[in-house]
Amino acid sequence: MVNVSDIRIIHKNAVFCRCNRGWSGRYCTTPHTSICSSDSKSIGLSIYHRSICVCPSNKFGYRCLLPDTICQMNNSLTCYSGGQCVPNDEYVISNHTFTCIYPKGYISDQYEIGKNKMILSFGKKIALSQSIFIHFLQVIDNLKPLRMTIFQTIFLAENSITIYWSQTFHLMFIEFFKNNYYLIVTQTNFQQSITANKMVNPSDRCQYFNELFNETFVKMHPIRRIKYYHLSCRRNLSDLSCFYDDQRICFCYDFKKERLANCFDFDHNMKSDCLGQSVCESEDKFFQNSPDCPRRSICICPDCFYGARCQFSSNGIDLSLDALLGYHIQPNIRILHQPIIVKISLTITVILLIIGFINRILSLMTFKN
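In terms of this note's numbering, the sequence shown opens at residue 1 and continues consecutively.
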């Protein structure tokens, strides 16, 4: 495919081709004359056989010929503290003509207003997984709690993560593996722009309800069973922070001189996988942070698989650097900040290359003489 600039694998049997300028069609085999400006991108043809143009930030119009100077016309309109000004689309209904893009940790057109920052450290007895799901719940009067879920990845050399969150929430849980929950934050009133440090300990784990009650109680109907959930919080005054059953999750709290359980419905099997489509290989689980307009996605790999799409496997490999170091190499991190095992392996590899190069030169000199 000589007219293709990029090929993306959508599914096992389907690909998406990004055509070079002047070409269109499923496999970029149909020539056409682009009418887009020279500094824009032409990404194909519309159903009306008109070029689809992607404009740079300072141009607009269907051909990207009209200049947009909203970010340069008035210094007072520019963003605070080095934020990047981006003009809003002319077809978007908004009270603002531009948007400011700030570094991670800030959310507002006012640079001083930032996200909540939560630094979580994990005790030695906490079994970490490659990915962590973070569940935020907002309590709304007379309505079901609003649930929002994001995820983060933990590298093998790390035992802490930093979470930024800007929306209102009253409860925060993290989830390792399958239904392994820990209660992190409970707050009656939401606080904006705070920085919190939390050491996650085994006492923060939410126990499954069959760990707290006998078999006879577990087999009871859920409606009859739930009214006794307060007993679990009273019996375990300091050791139990939360627990869950198959339909809901509960946390313990103090009310006057009593310790009670507050429970709400919770879907333990929630997933967002783009209507069943997945880019993961080997039938792995695929999760997006939003079903409608996702910004991030992740493949949850089974044992012995790794990579962005779980495309690498260590099965059947006896001794390979790819299998040994694949889990330790951190992407987008400078070599100086990589784990020590990666640095040592790189150093040994470089030394062996130098020795091999010198040995080759000496061998050539010997045979030449």
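Ideal Cβ positions, reconstructed from N, Cα and C, are used throughout, including at glycine.
(request) Check each candidate in Phe169, Asp246 and Gly25 and name the one with the smallest Cα separation from Asn180. (result) Position 180 of the sequence shown, counted from the first residue, corresponds to residue 180. Closest option to Asn180, judged by alpha-carbon separation, among Phe169, Asp246 and Gly25: Asp246.
(request) Could you pull out every residue in the same chain whose Cβ sits closer than 8 angstroms to the Cβ of Ser121, ignoring the five residues on either side in sequence? (result) To locate residue 121, count along the sequence shown from 1; it is residue 121. Excluding sequence neighbours, Ser121 sits near Asn159, Ser160, Asn197, Lys198, Met199 and Val200.
(request) Name, in chain order, the residues that DSSP records as bridge partners for Val185. (result) Position 185 of the sequence shown, counted from the start, is the residue given in the question as residue 185. Note: Val185 sits in a beta bridge opposite Met172.
(message) If I follow the unbroken beta strand (DSSP E) through Thr149, where does it start and stop?
(response) The residue given as residue 149 occupies position 149 in the sequence shown. Counting along the chain, the beta strand (DSSP E) containing Thr149 begins and ends at Leu146 to Thr153.
(message) Taking the beta carbon of Met220 as the centre, do at least 16 other beta carbons fall within 10 Å, making it buried, or is it exposed?
(response) Residue mapping note: residue 220 aligns to position 220 of the sequence shown, counting from 1. With fewer than 16 other Cβ atoms within 10 Å, it is exposed.
(message) Whole angstroms are fine: how far does the CA of Phe16 sit from the CA of Phe213?
(response) The residue labelled residue 213 in the question sits at position 213 within the sequence shown. The residue labelled residue 16 in the question sits at position 16 within the sequence shown. The alpha-carbon atoms of Phe213 and Phe16 are separated by roughly 53 angstroms.
(request) Using three-state DSSP, classify Arg259 as helix, strand or coil. (result) The sequence position of residue 259 within the sequence shown is 259, counting from 1. If DSSP states are grouped into helix, strand and coil, Arg259 belongs with the strands.
(message) Let's test the definition: count the other Cβ atoms within 10 Å of the Cβ of Tyr48 and tell me whether it reaches 16, buried, or not, exposed.
(response) Mapped onto the sequence shown, residue 48 falls at position 48. Exposed.
(message) Given this structure, state the Cα-to-Cα distance separating Asp141 from Arg205, to the nearest angstrom.
(response) Residue 141 sits at position 141 when you count from the first residue of the sequence shown. Residue 205 sits at position 205 when you count from the first residue of the sequence shown. Distance between the alpha carbons of Asp141 and Arg205: 27 angstroms.
(request) Starting from the Cα of Asn262, find the closest Cα among Lys59, Tyr164 and Ile249 and give me that residue. (result) Your numbering for residue 262 matches position 262 in the sequence shown. When only C-alpha atoms are compared, the closest one is Ile249.
(message) Rounded to whole angstroms, what is the Cα-Cα separation between Arg449 and Arg147?
(response) The structure shown does not extend to residue 449, since the chain spans only 1 to 369, so no value can be given for it.
(message) Within the continuous alpha helix (DSSP H) that includes Gly356, where are the two ends?
(response) Here residue 356 refers to the residue found at position 356 of the sequence shown. Taken as a continuous stretch (DSSP letters only), the alpha helix (DSSP H) holding Gly356 covers Ile340 to Lys368.
(message) Per DSSP, what are the beta-bridge partners of Gln306 in this structure?
(response) Residue 306 sits at position 306 when you count from the first residue of the sequence shown. In the sequence on display, residue 306 carries Tyr and not Gln. Residue pairing by DSSP puts Tyr306 in a beta bridge opposite Phe312.
(message) Can you give me the C-alpha to C-alpha distance between Ile358 and Leu364, rounded to a whole angstrom?
(response) The residue you call residue 358 lines up with position 358 of the sequence shown. The residue you call residue 364 lines up with position 364 of the sequence shown. Straight through space, the alpha carbons of Leu364 and Ile358 are spaced by roughly 10 angstroms.
(request) Could you tell me the boundaries of the beta strand (DSSP E) in which Cys100 lies? (result) The sequence position of residue 100 within the sequence shown is 100, counting from 1. Here the beta strand (DSSP E) through Cys100 covers Phe98 to Ile101.
(request) Kindly indicate which residue of Gly22, Thr30 and Arg26 has the alpha-carbon position closest to the one of Ser38. (result) Mapped onto the sequence shown, residue 38 falls at position 38. Nearest Cα to Ser38 within the set Gly22, Thr30 and Arg26: Gly22.
(message) Suppose you measure from the CA of Cys252 to the CA of Lys117; what does that come to, to the nearest Å?
(response) Residue 252 sits at position 252 when you count from the first residue of the sequence shown. Residue 117 sits at position 117 when you count from the first residue of the sequence shown. Each residue's CA atom was taken as its position, placing Cys252 and Lys117 some 25 angstroms apart.
(message) Quick test of the definition: if touching needs 3 or more C-beta pairs under 8 angstroms, does the region 169-189 touch the region 123-142?
(response) Contact between the region 169-189 and the region 123-142 is present, with at least three C-beta pairs closer than 8 angstroms.
(request) Would you kindly work out how many angstroms separate the C-alpha atoms of Lys227 and Cys310, rounded to a whole number? (result) Against the sequence shown, residue 227 aligns to sequence position 227. Against the sequence shown, residue 310 aligns to sequence position 310. Near 44 angstroms, if we compare the C-alpha coordinates of Cys310 and Lys227.
(message) Measuring straight from C-alpha to C-alpha, what distance separates Ile354 and Phe151?
(response) Here residue 354 corresponds to residue number 354 of the sequence shown, with the count starting at 1. Here residue 151 corresponds to residue number 151 of the sequence shown, with the count starting at 1. One C-alpha to the other measures close to 43 angstroms.
(message) Going by the DSSP bridge assignment, what does Asp254 pair with across the sheet?
(response) Residue 254 sits at position 254 when you count from the first residue of the sequence shown. Asp254 is bridged to Arg259.
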